[in-house]
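I have placed the structure first, in the form of C-alpha cells, so that the comments after it can refer back to it.
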Amino acid sequence: MMTVGTVKIYFLTADEGGQSIIPVGNFSTPIIIEEDRKLINGLWSAVIEFHKSPNTQRDTTEDLYLLFHEKKEAQNHLIKPGMKFELTTKKSDS
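Residue 0 is where the sequence shown starts when you use numbering that gives the first Met the number 0, and the numbers rise one by one after that.
The following block contains the structure:
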C-alpha cells in the first residue's frame with residue numbers, strides 16, 4: 000500500500016553542502032529516514048511531487064512516497080507525522 004506524506008523540504012545551498020541549482024519539478028532520489036539510519040532495510044528512493052516550486056529561501060512543501068512502494072519490504076511504515084529524513088542527490092554546479 001502506498002503511504003504518502005506531506006513534507007516540508009529545505010534545499011541546502013552549495014555553501015551548506017547542497018547544490019547551487021535546485022529542482023523545480025517532480026523528482027526521485029535516495030532517502031535516508033532517521034528512524035532507519037543504518038539502512039537495515041536497504042536504501043530506498045523517494046518520489047517528490049511539488050505542491051509548488053521552492054521559494055527564494057529554498058524551501059517548499061511536497062508529497063513524498065517511496066518508489067516501488069508496492070514491494071513487501073518497502074519501508075512505507077516509516078512515512079509518518081514527525082519523521083525526519085535526508086534526501087541524497089548528486090552534487091552538481093551545472
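Glycine included, each C-beta is placed from N, C-alpha and C at the ideal position.
| Item | Value |
| --- | --- |
| Looking only at its own chain, which residues have a Cβ that is under 8 Å from the Cβ of Ser44, when we skip the five neighbours before and after it? | Ser27, Thr28, Pro29, Ile30, Leu65, Leu66 and Phe67 |
| Cβ atoms of Leu77 and Ile8: under 7 Å apart, would you say? | no |
| Would you mind giving the Cβ-Cβ distance between Ile21 and Pro53, rounded to the nearest angstrom? I have them listed as a contact below 8 Å. | 5 Å |
| Classify Gln74: buried if its beta carbon has 16 or more other beta carbons within 10 angstroms, exposed otherwise. | buried |
| Can you name, in chain order, every residue of its own chain whose Cβ lies under 6 Å from the Cβ of Ser93, other than the five neighbours on each side? | In this prediction, Ser93 scores a pLDDT of 42, lower than 50, which makes its location untrustworthy; the coordinate-derived value is nonetheless stated afterwards. For Ser93, where only same-chain residues beyond five positions count, there are no Cβ hits under 6 Å. |
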